[in-house]
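Below you'll find the structure, written out as structure tokens, and then a few comments.
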């Protein structure tokens, strides 16, 4: 009986085990069917993803050329090490790299894309060879060729060309929607920024098969990055370099252009910076050092810095006074060295006075007393109207980013902002380019272009042609007439004669004796922070202008000195190398 009970229990346990086995078999079979049939495609795709990695290759940027075909900015190949995260032990790989290259290395460990770390950039060729020779010991490490921007002669045209930098996390929130990836290059200033959409090319990629250790087995697919367009600028590189060197150790601006087309031929800003530093990547310390320099080398002075125009503004006053007929070309004035108005004496720059002068001589000698008188005759409202006619304080329509406009004060502004009345003294200060008036060098350059063209104002531009990847011209920028300042012919004639006398018998004596007829004007702008700024601008030949120039020397003293000497060097080079 006892045996029967044991036997019955054994049968029960065997039966239970059998049913459990059957149940497990059914469950496992169902799971196997689910995984192989219903989820099979999903697992195959996941396996493929684990086996295949896609490495995106940076876009190439188009080249930038000057008007004569000199390459100013281009992409050059450099090497870097990329690590595929998760393919092997990161620390072990870095240790092996140090051993292979036989030196201590600080790795950047910068995430370029999900699953990809940049270990080292700008590798010399000998290091690349060593890495490739030991690739079997470096699972998950790829040597990648990437483009780096190279700028001709570094600082010479940095403010015009600009520089490129990496897209940061904050920028990516917006730029990601436009197809940019983390760490992509983008134009940050100058031409590089303004024409980003043309210069940016198309990215490439490399699909590679990796083994279980993350080592590349084979390249499955490859698409080279390519650029779409290059740019040819209006800039004359040899002239640009001449203007840069003419400034020497001085800080300031030199602009040269063609008044009949609006083409900018030279665009110099000093102090400058080397945009090649941004291509290799600035450290935080280097970036802060640049930002903290009092001279502000990152500021594009021709378009972003504001200065009092000084006596250059007298050109506009002279034109307005003649056109409004508050003076005639035959009128003469007496300058004792000051103008007495009420209880105040407003001084001329020549303390002993100019004596008896004609209108044209007043322009040539830049007599403050005459222009005080003309300003009072015109009044602030008419002066403001002519300032608007000549584009002061308005958009210059130049194809560069961050172009600022100057500030033109009016009685309404002073009353509303400063809560003060406008006094005759304000008008007199305004008439000699001082007081609250501020301009950019570009605005003064365009004023000179307007006079050279006798009223026609063309949009200034730095882009001449857009080229495809084969060098074929796909677009050419034509002269665009912005507006016409309609003055009587005799108004232009009289003021231009006065500007010619600036050189032959007036304050522009440092440009006397040149083998070309030159119309110009000096300017000295008061500076509350130190020595006056020096202006000198004009055009030549004065009877059929082909070149307009403007020079500003910060803290250069009176315009007849530093600025005129710089201008002379530039004009002499143009006459010898470009002709008129």
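Residue numbers (full-length UniProt numbering): 1 to 580. Even glycine gets a Cβ: it sits at the ideal position worked out from N, Cα and C. Since the model is a prediction, treat every value here as computed from it, not as a measurement.
Assuming residue 487 contacts residue 319 (C-beta within less than 8 Å), just tell me the rounded distance between them. With 8 Å as the limit, residue 487 and residue 319 qualify as a contact, their Cβ atoms being about 6 Å apart.
How about residue 275 and residue 195: are their beta carbons less than 7 Å apart? no
Contact belief for residue 441 with residue 302 at Cβ below 8 Å, rounded distance in angstroms: 5 Å
Tell me which same chain residues have a C-beta within less than 7 Å of the C-beta of residue 295, skipping the five on either side of it? For residue 295, same chain residues with a beta-carbon under 7 Å away, outside a window of 5 residues either side, are 251 and 271 in chain order.
If I measure Cβ to Cβ from residue 384 and keep anything under 7 Å in the same chain, skipping five residues before and after, which residues do I get? 408 and 410
In or out: residue 542 buried (at least 16 other Cβ within 10 Å) or exposed? buried
What are the complete alpha helix (DSSP H) segments, minimum 4 residues, inside the stretch 346-393? If only uninterrupted alpha helix (DSSP H) runs of at least 4 residues are considered, those enclosed by the stretch 346-393 are 359-365, 368-378 and 380-389.
Look at the Cβ atom of residue 479, then the Cβ atom of residue 342, and state whether they are nearer than 7 Å. Contact: no.
Assuming residue 173 is part of the beta strand (DSSP E), what are its boundary residues? Per DSSP, residue 173 belongs to no beta strand (DSSP E); it is in the alpha helix (DSSP H), 169-175.
Using C-beta distances below 6 Å, list every residue in its chain close to residue 65, excluding the 5 sequence neighbours before and after it, in chain order. Taken in chain order, the residues that qualify are 71 and 232.
Starting from residue 511, trace the alpha helix (DSSP H) both ways and give me its first and last residue. Neither: residue 511 is in no alpha helix (DSSP H) and is coded neither H nor E.
If we call anything under 7 Å between Cβ atoms a contact, is residue 535 one with residue 552? yes
Once the 5 residues before and after residue 398 are set aside, which same chain residues still bring their CB inside 6 Å of it? 460
If I measure Cβ to Cβ from residue 63 and keep anything under 7 Å in the same chain, skipping five residues before and after, which residues do I get? Here the set comprises 71, 73, 74 and 230.
Buried or exposed for residue 31, going by 16 or more other Cβ atoms inside 10 Å? Its pLDDT being 48, under 50, residue 31 is placed unreliably in this model, and the value from its coordinates should be taken loosely. Looking at its Cβ environment, which holds fewer than 16 other Cβ atoms inside 10 Å, residue 31 is exposed.
Contact between the stretch 410-422 and the stretch 502-510 (3+ Cβ pairs under 8 Å): no
Going by CA-CA distance only, name the one from 495, 419 and 160 that's closest to residue 366. 495
How big is the Cα-Cα spacing for residue 326 and residue 483? 25 Å
Residues near residue 27 by beta carbon distance below 6 Å, same chain, minus five either side: Residue placement at residue 27 is poorly supported in this model, since its pLDDT is 47, which falls under 50; the coordinates still yield a value, given next. Excluding residues within five positions, none has a Cβ falling inside 6 Å.
From residue 433 to residue 111, what does the alpha carbon distance come to, in whole angstroms? Residue 433 and residue 111: Cα-Cα distance of roughly 54 Å.
Measuring only the C-alpha atoms, how far is residue 502 from residue 579? Their Cα atoms are separated by approximately 23 Å.
Beta carbon of residue 54 nearer than 7 Å to that of residue 205: Contact: yes.
Between the CA atoms of residue 187 and residue 466 - distance to the nearest angstrom: 17 Å
Taking the DSSP output, what are the residues bridged to residue 535? 523 and 552
Taking 8 Å as the cut-off, does the stretch 522-539 touch the stretch 556-568 (at least 3 CB pairs, one atom from each stretch)? Because the criterion of three Cβ pairs below 8 Å is met, the stretch 556-568 and the stretch 522-539 touch.
Starting from the Cα of residue 227, find the closest Cα among 60, 339 and 560 and give me that residue. 60
Between residue 131 and residue 77, what straight-line distance do the alpha-carbon atoms span, to the nearest angstrom? 18 Å
Cutoff 6 Å; reference residue 354; Cβ partners in own chain excluding five residues on either side: 335, 365 and 367
Check whether the Cβ atoms of residue 220 and residue 209 lie closer than 7 Å to each other. yes
Does the beta-carbon distance from residue 446 to residue 391 come in below 7 Å? yes
Local conformation of residue 64 per DSSP, three classes: strand
When burial is assigned at 16 or more other CB atoms within 10 Å of the CB, is residue 25 buried or exposed? Here the model assigns residue 25 a pLDDT of 49, short of 50, so the residue's position is not dependable, and the following value carries that caveat. It is exposed - the Cβ of residue 25 has fewer than 16 other Cβ atoms within 10 Å.
To which residues does DSSP link residue 75 through a beta bridge? 149
Same chain, Cβ closer than 7 Å to residue 324, five either side skipped, listed in chain order: Closer than 7 Å at the Cβ level, and outside the excluded window around residue 324, lie 378 and 382.
When DSSP labels each residue in this structure, what does residue 266 get in the three-state scheme? strand
Counting only the same chain and skipping the five closest in sequence on each side, list residues whose C-beta sits under 7 Å from that of residue 96. 137 and 138
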